[in-house]
Each structure stands twice: as C-alpha cells, then as structure tokens.
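Please read the structure below before turning to the comments.
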C-alpha cells in the first residue's frame, strides 16, 4: 500500500486539529486464497496503523494484493492513500496524487452526488457510479466507481475502481443490434403499408438513418443503357450533393469499381470497413470522406433472381458493420426487394386491369370509344336532350374505298389510314360531340344540339371536307371520301338501335349511288336495307343450291377476226328462272366474304366447260376468269388453280386470270411470289380495267403479266373525246413496247373497232360481237360457225 510520508500526512496549516477521540485507521484484509472482491473488503479497528508495524504491513499487503485499484478519501473527497494499481492507472507520482480532489478524476457532479449519499455517518451501503475515469496524466477510460464509509473511522472513505470497457463495449454491441432489429421491424411495417415504390424507398432510407443511426442511406437502380448507369431513386441523411458529385455505373470499368457497381455487377454484398483505406484513385473516395462517411456497405437488390439495384448505407464510424448487423441489414435489403417486387406486380396488375377496362370500352387501334361507350354516352345525352327539348343527329360515317386500299396496300397502310382519318374527324367535330368506331371502316358521330337540318348539313359538310385532301402513306397518295348516313333524334326515333339502323339505311343509299356524300334517312330506306340483308341470305342459299351459271363473252383477234377466247361472267339464275345481274350481288358477295367460294366455283366451272368444248372438237379457246383481291390474298389461289387444272384437264396456258391493278401495289414480295407461282403453273395473267387505277410502268416491269385490258370507259368515247383516244393509244403503245397483248372491252361500234385497229390493239370484246351467252348457246354458235369453215382449225366471228 502506498503511504504518504509523515510530512505529506501533516495537515495543512489552516486545517482543524485532529480530535483525540478519532480512532486510528484499521484495515482488515480479505483472506488471500479467496481473492475477496473489493466491494467485499471489510474494515476493522483491530490494528492501530500508527502503533503496529505488523498491522500496517498486513494492511498494505492486503490492499496491494487486491486485483483492482483501491484508494482512501477523506470526507472532503481528497486522496489520502492508494494501492499500486490505482497509481499505475493514474500514471502519476505519489506527490502528484496526495491531497488531490477525486472530482478531478470522475467529475465534480459525480463526486458531489456520491458524497451526499454517504453524508449520513450511519450509511453502510456502498454507493456506485459509472463513468469515465479522467486522469490528468493518462487517456480517459471507462470505469465503474464504488465508495463506502469506513465503519471504524467514519471520516474515511474506501473506494475501488473496476474497468468497464469490455462491459460497455458489449452493451454498445447489444444496443446496436437491438437498434438494427428495431429498424428491421419498422421497415417491415413500412413494407406492409407502402402504396408506391418511391414512397417505400423514401421511408426505408429515412428509417435507416433515423432508427439505425447511420449517416446516409440511398437506393439506386441499374439502368439497361449503354453505359450501365446506376440511377439514384431515393436517399436520406447527410447527402450534401454526394450522389450528384459522382458517376455511379455497374459496368466492369474503373467507374464501376465502386461498392454499388460491384454489388450490382457481381450480385454480392460489398463492405468498406474504413473508407480511408480505399485507394485514393477511386473516384468516389474523397467525396465520401469529405462528407464524414467512414464506413459503408452496398447490398444488391434482387427480384426473381436478377439484381436490379443496390441499397447503400454509410456510417460515421469505422468498423461499423459486424457480422450480426450485416446479416440483419441483408435481411432488410431482401425484404425491401421483395416489397418492390410486390409493388411492381401490383402496379402491373392494376395497369393490366385498367387496360382491360379501357379495351372493354375503347377500340384498340384508334383508341376511340366503342359501342359500349357509345351506348352509355347516348343514354346520358338523350336524357339531357329530352329534358331540354333539344334535337340530336346520329351520323353513320363510312370510309369509302377503304376495303380496296386495305386489300391492295396491306393492313399496315390500312391501319395508319384509319388513324389519320380519326384525327381529321376529331378536329372537325365540335366539343361535346361524340365520335366512336363502329366497325372496320365505320364510325358513329353523335352530334348534340342540332335544332334543324341546316345545322346538321353544315356539320356534315365540314366532315366531308375532311376527306378532300389526300393522305400520303408509305409512298402512296391516297384519296379519301366519306359516305354519311344521317338519322335524327327524336324525329327518327328515341332509341340508339333504331337511330343506328336508320342511319345505316341512309348510308346504304349513299353507297348504292356510287359512294361519297350524305343522305338523311327516309322511311323507304328501311325497305332497301332489309332487302340487302335478305340478299345476303339468299346468296348463301344460292351457293348451296347451285343457282349460279356462267355466261361467256367471245374475245376476237382484231386483225384476223377469229375467236381466240371467252371471258367467263357469273350470273345468278333463281329457281324461277329470273337472272340477277352481277352488279346487284357481287358487292354483297365481296362484303360478306362469299366471293371466295363463289370465285372458286366460277374457275372450276369455266375450266370444265372449256374441256367440254375441246371434246366437241371445237378449236381451243382461252377462258378468262376474274379474280378479286380477296381471292388473291386469302383464297389459297395457287392450290385452287393447281387443283382446278388437274381435275379439269385443261392445259394451263388456256386459263387466263384477270387481276385488278390494286392487287399488285402492296406486299410486293408476297404478290411476286404468288405471280411467279402462277407462271410456273403455266397460266396466263392479265390486268383488268387498266388505266382506271394505279397504272404504273414500274409494276408492269416487275410483275410478269401477259395482257392489258383497256377499260370500257375509255373505249366508249373513242372518236369523240380526244383525251380518251390519247389514253387508249398510249396504253396500246405501252403494251406493244413491253411485248404484252392488249384487249379492249366494251366495244360496241364499228368506229370504235376501227380506231382500235388503227392503234394496233390486238383483241376486242363487246356487244359489237356478242353479248355474254350461256354455255349452251355459245356452243351452238361455235358449232355452226365452225361448220361454215370446212376444214379450218379456227372460227371467224364477224361483228353483229
């Protein structure tokens, strides 16, 4: 035990004299083998320190043998004695320690509190206090202090010190883990209640900073761009422009060598125990240190096994991430990624449901309201109009010629044309009017507040002008026209179905007169519409009952006058013998798709009849059959032609297929493939009504056709209209230049025939020679004419 010298123990001059009754200080040591703890040290007056050297030696030996620092204080809290461990802890000399107030070591407040508690002389319990031991001569260290009064010398206090560093470290570690656990719990609660991905990320980052005690937290997502950028989407804490000052990427490059880039690229967690140890060449290191980031961690975020981002956390302390804490933060990142995945799935589901809801009420191509929305709008508008006693107009709008454009130029051009038309119509309709798509090329406009016909006519005229300017799509200039049928509320009806039916009937009359323009509904139109519907049903029955027949019109070589072929023209002969002209049912057959089975039958019957004529010994004739665009594109034309030739036995070169120009203008690869296939079969190809459509030298040069047919509208004016004559002459010259045969249809006069002959036209057909004849009648005439040319292998057909 370190004792001060007698001089050191002498009281200062101003100190009160010691009382004669004060007993000498005695220490009763704890038994050596048991190493009794300091707080169990017993004090006894059995030995007088001043009088017994043995007692003093025993006391010193006992205190010095204790495994903790021990010291004695007087009532004023000044040091009077201590052991070696205490002096070593203070790193001071005995002279420096003697008489110093213990407040200099543990703090004035702590000492005052302890002395006050021990002021009662009867107090026996030890008073404990934990804090940092502040030796003026050594670094501060966490210790726990214990004081108790000497029972034999009440004016003396016995104190002990115990090093609490390990306990404090353990408690700090436990507290940190508990804080991280609370953070994990709070984050899981947030996951359950977050509505959006951004809100979730913001709240999680804020919780990491607030609950976890970290300096900064942020989340970044991996972009799939060329640079493989990491886009910060949320952060909390002390950022101070950190994320804006650095470029974060996840590529395998110098810029992608940071913790976030590595975490995303490798899918493994990245830890920085001390950012100061990171090589100075790292582009983010200095920016992190400037903002007080000492340690950090980057945890990959995964969804369905794929890394899509990273959660970055920075601490202001080195070695801040222990194994247990890393495990908890990894769980937090997994839960966060799962929450993001759930929110994304929920968003996709919600978007899909909204999309389905939208598609249930809107046209997917034009995004216009569909029939369901039309009906809902009409019900509301009709109720409003009825209360206000206002009129409305329903416009049934049809894009004329759309079917031909769609069939010839393809569905892509057709779809783009429809969208262009919709934009024009929407711009022309006043606000408050309603536009919906009703079918492939049909639209319904519901116009409100139309008090009279003049207002409706003005609005319809504006819509018709929307089609005046051509539309250029895919290098094609397309000219538009609208047909519009009009019905009025309440004059023509008060239910939507009735108004639709009557507007459709009015549209039918527009189309029946060539298309384009508008008509108001009239009562007689309903009869016509019903007749068209009945006609379609009758057509189906006619096909099943084989009520169609072919008539044949001869085709004559102008130079020799001999018959070289016939054109097969379909007629509908009802059971009562009535003949229905083609222009009465062919449009209905095309609109309904019945043209496919009808066209197939025409080809089969024409080839069969040609073989019958062969068997009768008549000269071989070419038979020409018209193909619709629908047959060419959707009728398996190659298989149909091959099968028909095989079943009939007709030589392929005697079958001529007449194509419209519009067939050749789109899907040129498919058209070229089909035409080449037909040529390989050996059949002939001609272009019908040449000059009335998209006449182009380019497609004549590309596609292998054999003949051009001049439309009868040009032939009719030959000799009277200089322009038509010039057109006919040009077509013939073009054909001869390209080594194509040229035939003119609709020849009715000798004068027309003379002009055609002078222009060098090869063939002609028309009423000048013969009207279309039933097969039996044509057979009779061919047989009779052949008989007048005894021994000839051809038949000369003179004009009538």
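Numbering (my numbering), first residue to last: 1178 to 1977.
C-beta: ideal position from N, C-alpha, C; glycine also.
Exposed or buried, residue i, counting other C-beta atoms within 10 Å across all chains shown (16 or more means buried)?
i            : result
residue 1553 : exposed
residue 1532 : exposed
residue 1961 : exposed
residue 1382 : buried
residue 1949 : buried
residue 1526 : exposed
residue 1939 : buried
residue 1686 : buried
residue 1489 : buried
residue 1886 : buried
residue 1215 : Any answer about residue 1215 is weak, because its pLDDT of 32 lies below 50 and its placement is not dependable; what the coordinates show is given next. That one is buried.
residue 1985 : Limits of the chain in this structure are 1178 at one end and 1977 at the other, which puts residue 1985 out of reach.
residue 1408 : exposed
residue 1805 : buried
residue 1827 : buried
residue 1449 : buried
Compute the Euclidean distance between the alpha carbons of residue i and residue j, then round it to the nearest angstrom.
i            : j            : result
residue 1846 : residue 1631 : 50 Å
residue 1185 : residue 1417 : Residue placement at residue 1185 is poorly supported in this model, since its pLDDT is 44, which falls under 50; the coordinates still yield a value, given next. Spanning the two alpha carbons is a distance of roughly 60 Å.
residue 1698 : residue 1794 : 58 Å
residue 1462 : residue 1396 : 18 Å
residue 1498 : residue 1486 : 21 Å
residue 1796 : residue 1973 : 11 Å
residue 1274 : residue 1253 : 15 Å
residue 1719 : residue 1582 : 29 Å
residue 1589 : residue 1650 : 10 Å
residue 1269 : residue 1495 : 32 Å
residue 1739 : residue 1802 : 20 Å
residue 1958 : residue 1693 : 44 Å
residue 1456 : residue 1439 : 16 Å
residue 1859 : residue 1598 : 43 Å
residue 1688 : residue 1575 : 9 Å
residue 1479 : residue 1464 : 28 Å
residue 1635 : residue 1601 : 16 Å
residue 1520 : residue 1391 : 26 Å
residue 1963 : residue 1792 : 14 Å
residue 1934 : residue 1570 : 56 Å
residue 1477 : residue 1579 : 55 Å
residue 1609 : residue 1536 : 22 Å
residue 1435 : residue 1518 : 25 Å
residue 1773 : residue 1700 : 34 Å
residue 1713 : residue 1766 : 7 Å
residue 1644 : residue 1585 : 20 Å
Please look up how many angstroms separate the CB atoms of residue i and residue j, rounded, as I've assumed it's under 8 Å.
i            : j            : result
residue 1612 : residue 1603 : 6 Å
residue 1614 : residue 1545 : 4 Å
residue 1279 : residue 1263 : At roughly 11 Å, the Cβ-Cβ gap does not stay under 8 Å, so residue 1279 and residue 1263 are not in contact.
residue 1800 : residue 1745 : 6 Å
residue 1471 : residue 1452 : 6 Å
residue 1433 : residue 1405 : 7 Å
residue 1902 : residue 1944 : With a Cβ gap of about 20 Å, residue 1902 and residue 1944 do not count as contacting.
residue 1730 : residue 1918 : About 17 Å; that fails the 8 Å criterion.
residue 1863 : residue 1848 : Not a contact, Cβ separation roughly 15 Å.
residue 1666 : residue 1559 : 7 Å
residue 1865 : residue 1835 : 4 Å
residue 1993 : residue 1573 : With the chain running from 1178 to 1977 in the structure shown, residue 1993 is simply not present.
residue 1951 : residue 1726 : 7 Å
In the DSSP assignment, what residue or residues form a beta bridge with residue i?
i            : result
residue 1707 : Paired residues: none, contrary to the question.
residue 1666 : 1569
residue 1864 : 1836, 1885
residue 1732 : 1742
residue 1799 : 1742
residue 1619 : 1575
residue 1449 : 1473
residue 1409 : 1397
residue 1610 : 1608
residue 1335 : 1249, 1325
residue 1940 : 1734, 1920
residue 1748 : 1726
The ligand MG and residue i: does the residue's C-beta get closer than 7 Å to at least one heavy atom of that ligand?
i            : result
residue 1423 : This structure lacks the ligand MG, and indeed carries no ligand of any kind.
| 4-residue-minimum alpha helix (DSSP H) runs that sit fully inside the segment 1668–1703, ordered along the chain | Within the segment 1668–1703, the complete alpha helix (DSSP H) runs of at least 4 residues fall at 1673–1689.
| said: Give the list of continuous beta strand (DSSP E) stretches no shorter than 3 residues that lie fully inside the segment 1886–1936. | reply: As summarised for the segment 1886–1936, the continuous beta strand (DSSP E) elements at least 3 residues long and confined to that stretch are 1918–1921, given in chain order.
| Segments assigned alpha helix (DSSP H), at least 4 residues, entirely inside the segment 1504–1535 | For the segment 1504–1535, not a single whole alpha helix (DSSP H) run of length 4 or above is found.
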